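Peer 1: For the sequence shown, my numbering gives the first residue as 14, with consecutive numbering after it. We treat Cβ as the ideally placed atom computed from N, Cα and C, and that holds for glycine. This structure is a prediction, so every number in the text was calculated from the model and none was measured. Supplied in structure tokens, the structure appears directly below.
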Amino acid sequence: MLPITHYLMIEFMIEFINRYGSEMVRHTIEHLFLVGIAIFIAMMIGIPLGILITRKPEFSPSVLGFANIMQTIPSLALFGLLIPLPLLGGIGDRTATIALTLYSLMPIIRNTYTGIMGVDPAIREAGKGMGMTDIELLLQVEIPLAMSVIIAGVRVATVFAIGLATIAAAIGAGGLGVFIFRGVATVNNQLLFAGAIPAALMALAADFGLSLVEKSLTKSKKINKH
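See the structure below:
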């Protein structure tokens with residue numbers, strides 16, 4: 014027979030799901046949407062910037078400096094700075110998406126730069142010897158070989174953004190942070206669990222999934238080298 018604590022735990026879980034299940038699904042979707050859009054935009058900006066500073070090293074201090082500064086600003090302070098801005102700011106998911114994008118840039122830019130610069134110079138020379146242009150060399154040689162490192166940067170940015178997105182509820186952006194803020198305000202542990210546990214599981218799932226992609230690309234790169 015199961016100990017009484019197991020029965021109590023099962024009863025707690027059933028009550029928990031009955032009370033917060035549908036709301037949890039809605040806020041989880043909001044959370045995924047916020048993070049997904051922010052990471053997509055960060056990749057569209059960060060990867061080209063990482064490529065740029067491999068070609069134009071003089072821009073490296075400015076680009077990396079800006080991305081570093083964004084990560085040093087406390088999250089609530091950044092939300093507060095963005096809210097008053099015309100067009101960009103305001104209360105809601107637009108401001109949260111911009112903030113998450115800015116926070117996600119650094120690992121993506123850095124890993125894109127590191128991955129491309131880490132390509133064996135002999136491979137570059139072989140490509141040039143075959144008559145490849147700089148664009149062909151970038152698209153057909155350097156980016157494929159650097160992809161595992163780039164994905165590692167995306168993985169770090171995604172996990173970071175999932176955690177940070179919980180704070181976005183403070184500016185009306187929704188997501189799982191809604192439960193956490195309500196739980197703190199009402200001293201309700203169930204609400205805290207309803208926000209914290211799915212967010213933690215989401216971060217673990219994203220980290221695991223992207224690490225598998227990263228390992229697959231690393232293995233593929235080793236096979237191609239041989």
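Give a yes or no on whether the C-beta atoms belonging to Gly-196 and Leu-204 are separated by under 8 Å.
Peer 2: The residue labelled residue 196 in the question sits at position 183 within the sequence shown. The residue labelled residue 204 in the question sits at position 191 within the sequence shown. Contact flag set, yes.
Peer 1: Using a Cβ-Cβ cut-off of 7 Å (strictly less than) and excluding sequence neighbours within five positions of Met-14, which residues of its own chain qualify?
Peer 2: As a first step, residue 14 must be located in the sequence shown, where it is residue number 1. Because Met-14 carries a pLDDT of 47, less than 50, the predicted location of this residue cannot be relied on, and no value is offered for it.
Peer 1: Decide if the region 104-118 is in contact with the region 164-174; the criterion is three or more beta carbon pairs, one per stretch, under 8 Å apart.
Peer 2: The answer is yes - the region 164-174 touches the region 104-118, with three or more Cβ pairs under 8 Å.
Peer 1: With a threshold of 7 Å on Cβ separation, who are the neighbours of Thr-67 within its own chain once the five nearest residues in sequence on each side are excluded?
Peer 2: Mapped onto the sequence shown, residue 67 falls at position 54. Cβ neighbours of Thr-67 beyond the five flanking positions: Tyr-126, Ile-129, Met-130.
Peer 1: For Leu-223, which residues in the same chain have their Cβ closer than 7 Å to its Cβ, ignoring the five residues on either side in sequence?
Peer 2: Within the sequence shown, numbered from 1, the residue matching residue 223 stands at position 210. Ile-164, Val-167, Arg-168, Thr-171.
Peer 1: Would you mind reading off the limits of the alpha helix (DSSP H) that contains Ala-186?
Peer 2: Taking the first residue of the sequence shown as position 1, residue 186 is located at position 173. Ala-186 -> no alpha helix (DSSP H), and no H or E assigned at all.
Peer 1: Measuring alpha carbon to alpha carbon, tell me which residue in Leu-101, Phe-72, Ile-184, Thr-199 is nearest Ile-122.
Peer 2: For the purposes of this step, residue 122 is taken as the residue at position 109 of the sequence shown. The residue with the shortest Cα to Cα distance from Ile-122 is Phe-72.
Peer 1: At which residues does the alpha helix (DSSP H) containing Asp-106 begin and terminate?
Peer 2: Here the question's residue 106 lines up with position 93 in the sequence shown. 106-130 is the span of the alpha helix (DSSP H), which, as asked, contains Asp-106.
Peer 1: Need the endpoints of the alpha helix (DSSP H) that Asn-81 sits in, please.
Peer 2: Here residue 81 is taken as the residue at index 68 of the sequence shown, counted from 1. Looking at the DSSP string, the run of the alpha helix (DSSP H) that includes Asn-81 is 73-85.
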